[in-house]
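Worksheet: one structure, shown below.
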Amino acid sequence: MADRIARLPEHVANQIAAGEVIQRPAAVVKELVENAVDAGATRIEVRVKDAGRTLIHIIDNGFGMSEADAQLCFERHATSKVRSADDLFQIATKGFRGEALASIAAIAHVELKTRREEDEMGVRIGVEGTQQAPPEPCTAAVGTQFAVRNLFFNVPARRNFLKSDAVEMRHIVDEFQRVALAHEAIHFVLVNNDTEVFNLKPGSRRQRVVGVFGAKYDERLVPIEESTDVVAVEGFVGKPEFARRTRGEQFLFVNNRFIKHSALHRAIVDAFEGLLSPSAHPLYVLFLTIDPHRVDVNIHPTKVEVKFEEDRSIQALLRPAVRRGLGRFQVAPTLDFDQESSLNIAELQPGAEIVPPQVRINPDYNPFKPVESAPSRSAAIASWTERRPTRGQVDAWEEQYRVPATPVPESKPIVEDRDEARALFFFRGRFIVTSIRSALLLIDARRAHQRVLYESLVEQLESVAAQVAPTQTLLFPELVTLPPADAMQLLEAAGWLRKLGLHIEPAEGGVQVTGMPVEGEASPRDLIDAVLQEAAGEADGISREERVAAAWAKRLSHRPGKALGREEMGDLLDRLFACSTPSRDPFGRPVIVTFEGAEILERFA
Ligand code: ADP
Ligand code: MG
Numbered sequence: 174m175a176d177r178i179a180r181l182p183e184h185v186a187n188q189i190a191a192g193e194v195i196q197r198p199a200a201v202v203k204e205l206v207e208n209a210v211d212a213g214a215t216r217i218e219v220r221v222k223d224a225g226r227t228l229i230h231i232i233d234n235g236f237g238m239s240e241a242d243a244q245l246c247f248e249r250h251a252t253s254k255v256r257s258a259d260d261l262f263q264i265a266t267k268g269f270r271g272e273a274l275a276s277i278a279a280i281a282h283v284e285l286k287t288r289r290e291e292d293e294m295g296v297r298i299g300v301e302g303t304q305q306a307p308p309e310p311c312t313a314a315v316g317t318q319f320a321v322r323n324l325f326f327n328v329p330a331r332r333n334f335l336k337s338d339a340v341e342m343r344h345i346v347d348e349f350q351r352v353a354l355a356h357e358a359i360h361f362v363l364v365n366n367d368t369e370v371f372n373l374k375p376g377s378r379r380q381r382v383v384g385v386f387g388a389k390y391d392e393r394l395v396p397i398e399e400s401t402d403v404v405a406v407e408g409f410v411g412k413p414e415f416a417r418r419t420r421g422e423q424f425l426f427v428n429n430r431f432i433k434h435s436a437l438h439r440a441i442v443d444a445f446e447g448l449l450s451p452s453a454h455p456l457y458v459l460f461l462t463i464d465p466h467r468v469d470v471n472i473h474p475t476k477v478e479v480k481f482e483e484d485r486s487i488q489a490l491l492r493p494a495v496r497r498g499l500g501r502f503q504v505a506p507t508l509d510f511d512q513e514s515s516l517n518i519a520e521l522q523p524g525a526e527i528v529p530p531q532v533r534i535n536p537d538y539n540p541f542k543p544v545e546s547a548p549s550r551s552a553a554i555a556s557w558t559e560r561r562p563t564r565g566q567v568d569a570w571e572e573q574y575r576v577p578a579t580p581v582p583e584s585k586p587i588v589e590d591r592d593e594a595r596a597l598f599f600f601r602g603r604f605i606v607t608s609i610r611s612a613l614l615l616i617d618a619r620r621a622h623q624r625v626l627y628e629s630l631v632e633q634l635e636s637v638a639a640q641v642a643p644t645q646t647l648l649f650p651e652l653v654t655l656p657p658a659d660a661m662q663l664l665e666a667a668g669w670l671r672k673l674g675l676h677i678e679p680a681e682g683g684v685q686v687t688g689m690p691v692e693g694e695a696s697p698r699d700l701i702d703a704v705l706q707e708a709a710g711e712a713d714g715i716s717r718e719e720r721v722a723a724a725w726a727k728r729l730s731h732r733p734g735k736a737l738g739r740e741e742m743g744d745l746l747d748r749l750f751a752c753s754t755p756s757r758d759p760f761g762r763p764v765i766v767t768f769e770g771a772e773i774l775e776r777f778a
């Protein structure tokens, strides 16, 4: 029998390795930017087209490569950073496996231009799959540029596996932020399809954090600084009142390398105990410095997970360090983020303490703002009546609630009122009490409103023609300041947000809101926060768009305790009964409680 074992051809081996190191465009950005950092660059520019599918171009002003190095750098296990296995334990640089460039060159068209300070001319090398062109002299600034085109051109499975541009760009921004946060002395620029997303000038660590997240964050940061023999920690945590409902502003670095470590994450979050509701995620950007001998970074090809010898002592430092930082800044220990939603759900228990209502101040209130930009409730109601359900629809609904024809001792209906003369009564600032046939109904007004808003938003989403979605054009467009990454994410959603009535445009420092949904009292900031919270991904098979519709319905609905007039109650009920699922709010909670006539009579027996 013939021999069976053959060495894999180099290019096949490289493609296999590439699969491990380069899963998506963001991985290319990470590897090339880290190489530029290792090359001592003080300015690194990242330019991408179509979320990196078409082009990833990284330009640095580092020490460049000689012609011989430029030729070698694409070979597997070619690295200038590790000379012996011993070196592996003292890694100060980012890369050390010497496989990033080989991997990238195996699955894309790569062009390298580089020049060292001492060389007069630069070198240019093109690599396409297995073919590496001979170096040619070229003019080039000192430093290195890699242009990576047509990523995964020869790996269709990978290419097809890529998510939408928005998702891939989000990954690129994540990687970019991680490196940028760790190297505040380096000038970083990120350009996406010719639009500048970040331009981060060298500065202090605080300035870098603010540059990445946005100017508003300056006042939100609490500095942390603490050290023991084993480990030093410094950086920032966010004041608890600015915690968000999504993770994402949480960065932990070990020796300036971004890592994920669930036990350390817990230690940090635990320090916020009593300051945060469990659903809120505090911001942190913390830098741990540990003797490299005590860290094992060679654990995963993408090197995000790390092992420590001193896990416990690091945890033991982190929690008190963060706690003390928060204490020094006298962060009040009584914040409750769920206040609003708990108002929604909480039934008053017998003997429960009654809490006085809180005064809410609207900082955006502007008495000079023309009325047109914020339609009055009654104007909104007037517009509802146009799409009021027909009599038939309401009858059909009543049919469902009809009391089965059990003989009722008293043959007369309990309440005679029907239709226009229907008895309506507002109870405890929350419930509409009414009757249909011989049943008595209690309807949670706010939940009913949420159901109504939700269904009309979803209907708008499903309509094909975005331009007909109703919107209130703001006479004075409102600037909502946002971290650049959030602004980008939002603008990518601009198309379907328009269908929901929110019109946004790019603006310096955030986005400009030019149109708002016609109905409701939320501020532009409220709606935008909701969109960002319902970030990418699917939950329970519900699309992001629908989750945003539900979140908006909640924010646009009547404030808790808002008194409703008779006409408003009537209109709300008409709209509710025209819904496809009137009995539940968008979050599945009951909207209507029915007391059947027979049941009521029984209690009087
Ligand atoms: P590693 O970073 O693990 O050494 P890479 O494949 O990423 O492996 O890079 C191989 C080598 O190419 C590096 O060790 C370095 O010598 C050289 N190199 C890569 N990028 C740059 C750059 N931007 N500037 C200078 N040298 C670089
Ligand atoms: Mg590298």
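Per the working numbering, the sequence shown starts with residue 174, numbered consecutively. All residues carry an ideal CB built from backbone N, CA and C; glycine is no exception.
query: Straight-line gap, N429 to I277 (C-alpha atoms, nearest Å); result: 24 Å
query: Distance, V383 Cα to K389 Cα; result: 8 Å
query: Short Cβ contact (8 Å threshold) for S486 with V406; result: no
query: For A405, the three-state DSSP class (helix, strand or coil); result: strand
query: Delimiting residues of the beta strand (DSSP E) encompassing Y390; result: Taken as a continuous stretch (DSSP letters only), Y390 belongs to no beta strand (DSSP E), as it is neither H nor E.
query: Option in D367, L729, A224 and R322 with minimal Cα separation from V283; result: R322
query: Sequence ranges, alpha helix (DSSP H) only - wholly within the segment 708-747, length at least 4; result: 717-729
query: Reference R288, options G693, T644, V315 and G271, closest by Cα; result: V315
query: Contact set for S756: own chain, Cβ-Cβ below 8 Å, skip 5 residues either direction; result: P763, V764 and I765
query: Pick from E707, I463, A724 and S608 that is closest to D743, judged by C-alpha positions; result: The sequence shown places Gly at residue 743, rather than the Asp named in the question. Among E707, I463, A724 and S608, the Cα nearest to that of G743 is on S608.
query: Residue burial classification, P690 (beta-carbon count within 10 angstroms, cutoff 16); result: buried
query: Selection from L626, A642 and V625 that minimises the alpha carbon distance to Q633; result: A642
query: Rounded distance between the beta-carbons of R620 and D758, thought under 8 Å; result: 4 Å
query: For E399 and E665, the rounded distance between their alpha carbons; result: 40 Å
query: DSSP-derived helix/strand/coil call for I178; result: coil
query: Range covered by the beta strand (DSSP E) that runs through S629; result: No beta strand (DSSP E) contains S629, which is instead part of the alpha helix (DSSP H) from A618 to E635.
query: Euclidean distance between Cα positions of L285 and V340; result: 27 Å
query: Three or more C-beta pairs below 8 Å linking the segment 358-366 and the segment 435-449; result: no
query: Simplified DSSP assignment, three categories, for D242; result: helix
query: Contact belief for V704 with L652 at Cβ below 8 Å, rounded distance in angstroms; result: That pair is no contact at about 16 Å.
query: Within 8 Å, strictly: CB atoms of V410 and P455; result: yes
query: Nonlocal neighbours in the same chain, by C-beta distance under 7 Å from W557, ignoring five residues either side; result: Per-residue confidence for W557 stands at a pLDDT of 31, beneath the threshold of 50, marking its modelled position as unreliable; the derived number appears in the next sentence. Within the same chain, W557 has close Cβ partners D744 and R748.
query: Separation of G693 from Y627, as counted between CA atoms; result: 12 Å
query: Bridge-paired residues (DSSP) for S608; result: L613
query: DSSP state of P763 mapped onto helix, strand, coil; result: strand
query: Residue-chain proximity (R381, chain D), Cβ-Cβ < 8 Å; result: The chain inventory of the structure shown lacks chain D, comprising one protein chain alone.
query: Exposure label - A778; buried when at least 16 CB within 10 Å; result: exposed
query: Cβ pair V370, R220 closer than 8 Å; result: no
query: Beta strand (DSSP E) segment containing A680, residue limits; result: H676 to A680
query: For P154, the nearest candidate out of P493, E422 and I432 (CA to CA); result: Because the chain in this structure spans residues 174 to 778, residue 154 falls outside the shown range and cannot be described.
query: Identified DSSP bridge partners for T646; result: G688
query: Cα-Cα separation, D391 to R381; result: 10 Å
query: Counted within 10 angstroms of its Cβ, other Cβ atoms place E446 as buried (16 or more) or exposed; result: exposed
query: A212 CB to nearest heavy atom of ligand 1 below 7 Å; result: yes
query: Alpha-carbon to alpha-carbon, P650 and T687; result: 5 Å
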